[in-house]
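For reference, the structure is listed below as structure tokens.
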Amino acid sequence: MAAIITGNGPCFELALKMTVVAEKSRKPIREGLFAEDANGVSLIGGRCRECAEIVFPANPFCPRCCRETTEPVALSRRGVLYSFTVQRFKPPPPYRGPDPFVPYGVGLIELPEGLRITSVLKAEPDDLRVGMEMELVVEGFFEDEDGNEILGYKFRPVEER
Amino acid sequence: MRDVYVIGVGLHPFGRFGDKDVIEIGREAVVAALEDSGVAWKDVESAYCGTVFAGPMAGNKVLARVGLTGLPIMNLENACASGGSALRLAFQDVASGFCDIALAFGFEKMPRGFIAGNPNDWFATMGMAVNPQYFALNARRHMADYGTTEDHLVRVSVKNHRNGALNPYAMYRKVMSYEEIANSTMVNDPLRLLMLCAPNEGGAAVVVASREAAKRYTTRLIRLASVVLKSPLYGTAEVPYIAVSSQVEAPSVTRTASEAAYEAAGIGPGDLDLVELQDTDSAAEIIYSEELGLCGRGEGARLLDDGATEIGGRLPVNPSGGLLSKGEPLGASALGQVAEVVWQLRGEAGARQVSDARVGLTHVYGALGNCAVSILQC
Ligand SMILES: [Zn+2]
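If you want it as structure tokens, here you go:
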């Protein structure tokens with residue numbers, strides 16, 4: 228079972244692993260969204276003990292059973308691109324991204340456990356195809372007021388090998 | 019249940035009206051519907067007001083300008099289905115015999131720009147939760163599944179703007195060329211600016227009555243054969259969402275609401291002469307045509323290719339110009355569709371008249387899956 232990243236604990240270790248610049252703090256944009264284990268970083272969802280429904284983000288409440296019956300589960304790092312778009316205009320606040328604005332992909336990633344997750348994509352828009360295999364990457368989205376790098380999740384095309 | 023009839027409809031045009039007071043926009047729509055019906059205000063027995071942005075008790079503020087007669091009023095907010103929800107309540111009052119004449123109205127003065135969903139701050143902060151993203155995701159998937167093309171998306175918008183140019187109540191009232199739409203700014207691929215509807219301002223009102231009461235005012239009886247409001251089943255993807263189950267396969271709320279509306283009316287999709295549906299974007303018209311049963315799954319673009327959805331076609335869709343040309347003042351939108359169908363069934367739609375129109379359907383769909391469908395028949 229993956230440890231859920233919180234505050235500066237495991238997150239800081241993750242930061243050490245992921246980058247050579249370990250001076251400033253790196254924080255998840257929301258606690259409990261992702262975690263690492265020996266194989267790397269995963270999104271953390273919830274799986275219902277009663278009906279096996281998967282939810283993301285993790286949340287004790289199963290929307291199918293309407294009871295608090297889920298427990299945390301590390302989700303697959305890979306999925307299939309169910310659909311995608313390219314965000315061509317700067318979204319309204321609270322969006323925080325590079326200034327000047329840089330367009331980015333947004334897609335639905337279908338995970339094998341039966342969940343479609345809306346995600347920012349790390350890809351050249353022209354490379355995107357419905358049905359292509361995608362993998363999770365956790366990286367900095369922006370710096371907060373205290374200079375901390377704020378981490379979020381993206382999916383990128385799996386490199387052909 | 020008694021039969022219910024529409025005896026009056028009225029609109030305040032949809033568009034942008036500077037600093038015009040939103041309550042005045044609502045008042046003008048109500049007065050127009052009353053005048054159209056011939057009903058004296060004192061004889062209206064109950065009223066329902068749908069609005070999202072006009073603030074608490076907005077309906078009461080309109081009543082204060084039309085006249086305080088003591089009638090019961092309820093103010094409701096139900097996203098894009100607010101006006102459809104008001105109509106359902108007015109319908110229920112008359113159908114149940116609770117009263118003989120009821121009013122549904124809705125109006126809006128919406129903030130400019132695209133609506134940002136925002137289920138959670140962190141999610142929007144990362145750059146998601148913007149409504150047109152979801153419309154684009156639906157569009158792209160439909161293209162991948164069924165071969166719908168960018169050309170189809172352009173042509174839906176060409177058609178609706180051509181129709182809207184004939185509608186004095188529409189926001190744009192302007193023919194837009196294929197090139198103009200195909201070269202408009204890309205917003206969320208594959209959707210361009212002129213393939214997306216604009217939030218705006220406007221008002222609409224509908225007076226409904228029992229058969230006996232209706233006959234006192236008109237000889238052209240238009241039956242409100244059904245009004246159905248549905249929320250979604252678990253497992254459907256309703257805007258805005260962070261993640262959605264793909265383990266559970268559930269029919270969309272547009273499908274469940276329209277099936278219920280057909281059954282309640284005793285009318286099938288094959289009986290329809292025109293449809294006003296939620297063309298929030300070009301792809302939505304194609305997708306909802308399928309979910310409303312106007313054609314089979316994946317055949318929405320073919321309806322367009324065959325010319326079926328043109329005003330002169332087999333089943334005209336959005337002869338009013340739809341949301342693409344009219345814009346979408348949430349609380350007024352569904353009631354504006356009902357007004358269009360009523361004018362079409364009366365033969366009063368002028369240059370955009372659908373010939374021999376006898377049965378029409380309206381459809382709105384909004385945030386978190388509220389969907390309202392009504393069927394009218396003359
Ligand atoms: Zn469950």
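Chains A and B supply the protein sequences, listed in that same order.
With my numbering, you'll find the first sequence wraps up at 388, consecutive numbering, no jumps.
With my numbering, you'll find the second sequence wraps up at 396, consecutive numbering, no jumps.
A virtual CB, placed ideally from N, CA and C, is assigned to each residue, including glycine.
Contact between the stretch 164 to 182 of chain B and the stretch 331 to 347 of chain A is defined here as three or more beta-carbon pairs at a separation below 8 Å; is this criterion met? By the Cβ criterion, the stretch 164 to 182 of chain B is not in contact with the stretch 331 to 347 of chain A, since fewer than three pairs of Cβ atoms, one from each stretch, lie closer than 8 Å.
B/A302: which of B/Y383, B/S244, B/Y66, B/S373 sits nearest, CA to CA? Working through the second sequence from its first residue, we reach residue 302 of chain B at position 284. Comparing Cα positions, the closest option is B/Y383.
Any idea which residues DSSP pairs B/H381 with across the strands? Position 363 of the second sequence, counted from the start, is the residue given in the question as residue 381 of chain B. Its beta-bridge partners are B/V391.
Using a C-beta to C-beta distance shorter than 7 Å, which residues of chain A count as neighbours of B/M189? The residue you call residue 189 of chain B lines up with position 171 of the second sequence. By Cβ distance, chain A contributes nothing, its closest Cβ being about 20 Å from B/M189, past 7 Å.
Exposed or buried, which one is B/T327 when buried takes at least 16 other CB atoms within 10 Å? Numbered from 1 along the second sequence, position 309 holds the residue referred to as residue 327 of chain B. Buried: at least 16 other Cβ atoms inside 10 Å.
Do you know offhand how far B/R45's Cα is from B/P31's? Numbered from its first residue, the second sequence carries residue 45 of chain B at position 27. Numbered from its first residue, the second sequence carries residue 31 of chain B at position 13. For B/R45 and B/P31, the distance between alpha carbons rounds to 12 Å.
Relative to the alpha-carbon of A/P318, which residue among A/L270, A/Y331, A/S310, A/Y309 has its alpha-carbon at the smallest distance? Taking the first residue of the first sequence as 1, we reach residue 318 of chain A at position 91. If we check each option's Cα against that of A/P318, A/Y331 comes out closest.
In whole angstroms, give me the CA-to-CA distance for B/S55 and B/V226. Working through the second sequence from its first residue, we reach residue 55 of chain B at position 37. Working through the second sequence from its first residue, we reach residue 226 of chain B at position 208. So the alpha carbons of these two residues sit roughly 9 Å apart.
Does the Cβ-Cβ distance between B/M450 and B/V176 come in under 8 Å? This structure cannot settle anything about residue 450 of chain B, because the visible part of chain B is limited to 19 through 396.
In angstroms, rounded to a whole number, what distance separates the CA positions of B/A104 and B/Y66? Here residue 104 of chain B refers to the residue found at position 86 when the second sequence is read from its first residue. Here residue 66 of chain B refers to the residue found at position 48 when the second sequence is read from its first residue. Taking the straight line joining both Cα atoms gives about 5 Å.
So, with DSSP's three-state summary, where would you put B/Q296? Within the second sequence, numbered from 1, the residue matching residue 296 of chain B stands at position 278. Looking at B/Q296 - three-state DSSP - the assignment turns out to be coil, as it is neither helix nor strand.
From A/V365, A/D373, A/Y309, pick the residue whose C-alpha is nearest to that of A/G379; which is it? Looking up residue 379 of chain A in the first sequence gives position 152. The candidate whose alpha carbon is nearest that of A/G379 is A/V365.
Please report the distance separating the alpha-carbon of B/A122 from that of B/G220. In the second sequence, the residue the question calls residue 122 of chain B occupies position 104. In the second sequence, the residue the question calls residue 220 of chain B occupies position 202. Rounded to whole angstroms, B/A122 to B/G220 spans 15 Å at the Cα level.
Can you check DSSP and say which residues form a bridge with B/Y252? Taking the second sequence and counting its residues from 1, one reaches residue 252 of chain B at position 234. Beta-bridge analysis with DSSP links B/Y252 to no other residue.
Min CB distance B/D299 to chain A below 8 Å: For this step, residue 299 of chain B is matched to residue 281 along the second sequence. False, the Cβ-Cβ gap to chain A never drops below 8 Å.
Does ligand 3 have a heavy atom nearer than 7 Å to the CB of B/T236? The model depicted lacks ligand 3 and carries ligand 1 instead.
Just how far apart, CA to CA, sit B/E256 and A/T345? Looking up residue 256 of chain B in the second sequence gives position 238. Looking up residue 345 of chain A in the first sequence gives position 118. Rounded to the nearest angstrom, the two C-alpha atoms are 12 Å apart.
Using a Cβ-Cβ cut-off of 8 Å (strictly less than) and excluding sequence neighbours within five positions of A/F311, which residues of its own chain qualify? To locate residue 311 of chain A, count along the first sequence from 1; it is residue 84. Counting only Cβ-Cβ distances below 8 Å, and skipping sequence neighbours, we find G332, V333, G334, L335, L348, L355, V357.
Short CB-CB distance (under 8 Å) between B/Q265 and chain A: Residue 265 of chain B sits at position 247 when you count from the first residue of the second sequence. So, interface residue.
How about B/R364: is its C-beta nearer than 8 Å to some C-beta of chain A? Within the second sequence, the letter at position 346 stands for residue 364 of chain B. B/R364 has a beta carbon lying at 8 Å or more from every beta carbon in chain A.
Alpha-carbon to alpha-carbon, B/L89 and B/E63: Position 45 of the second sequence, counted from the start, is the residue given in the question as residue 63 of chain B. Position 71 of the second sequence, counted from the start, is the residue given in the question as residue 89 of chain B. Cα to Cα, B/E63 sits roughly 6 Å from B/L89.
Do B/A113 and B/R20 count as a contact pair if the criterion is CB distance below 8 Å? The count along the second sequence starts at 1 and reaches residue 20 of chain B at position 2. The count along the second sequence starts at 1 and reaches residue 113 of chain B at position 95. Yes; because the gap between Cβ atoms is below 8 Å, this pair is in contact.
Can you pull the chain B neighbours of A/R291, defined as C-beta to C-beta under 9 Å? Counted from its first residue, the first sequence places residue 291 of chain A at position 64. The answer, in chain order, is Y252, G253, S263, Q265, V266.
Mind listing which residues have their beta carbon within less than 6 Å of any non-hydrogen atom of ligand 1? Chain order is fine. A/C275, A/E277, A/C278, A/E280, A/C289, A/R291, A/C292, A/T296
Exposed or buried, B/Q397, counting other C-beta atoms within 10 Å across all chains shown (16 or more means buried)? This structure cannot speak to residue 397 of chain B, because chain B is shown only from 19 to 396.
CA nearest to the CA of A/K254, picked from A/K381, A/F382, A/V385, A/N375: Numbered from its first residue, the first sequence carries residue 254 of chain A at position 27. Per the Cα distances, A/N375.
Once you ignore the five residues that flank B/Q265 on each side, which residues in its own chain have a CB closer than 8 Å to its CB? As a working note, residue 265 of chain B is residue 247 in the second sequence. Result list for B/Q265: G253, in chain order.
Nearest CA to the CA of B/G26: which residue from B/V224, B/G354, B/G339, B/A283? Here residue 26 of chain B refers to the residue found at position 8 when the second sequence is read from its first residue. Selected option, being the one with the closest Cα: B/V224.
Contact between the stretch 207 to 221 of chain B and the stretch 291 to 302 of chain A: three or more CB pairs below 8 Å? no
Is the CB of A/L335 under 8 Å away from at least one CB in chain B? The residue you call residue 335 of chain A lines up with position 108 of the first sequence. So yes, A/L335 belongs to the interface.
For B/Q206, which residues in chain A fall below 9 Å Cβ to Cβ? As a working note, residue 206 of chain B is residue 188 in the second sequence. Just to set this straight, residue 206 of chain B is Asn in the shown sequence, not Gln. Here the neighbours are T312, V313, Q314, R315, F316, V333.
Which residue marks the beginning of the beta strand (DSSP E) containing B/P31, and which one marks its end? Translated into positions along the second sequence, residue 31 of chain B becomes position 13. Here the beta strand (DSSP E) through B/P31 covers 22 to 33.
Buried versus exposed, by CB contacts within 10 Å (16 or more), A/F288: Working through the first sequence from its first residue, we reach residue 288 of chain A at position 61. Answer is exposed; the Cβ neighbour count stays below 16.
Sequence-distant residues of its chain with Cβ nearer than 7 Å to B/S100 (five each side left out): Counting from one through the second sequence, the residue named residue 100 of chain B turns up at place 82. Once the five neighbours on either side are set aside, the close Cβ partners of B/S100 are G68, T69, V70, L94, G124, L348, G349.
Three-state secondary structure assigned by DSSP to A/V389: Residue coverage of chain A in this structure runs from 228 to 388, which leaves residue 389 of chain A outside it and unanswerable.
Counting only Cβ-Cβ distances shorter than 7 Å, please list the residues of the stretch 146 to 162 of chain B near chain A, keeping chain order. M146, V148, Q151, A154, L155, R158, R159, A162
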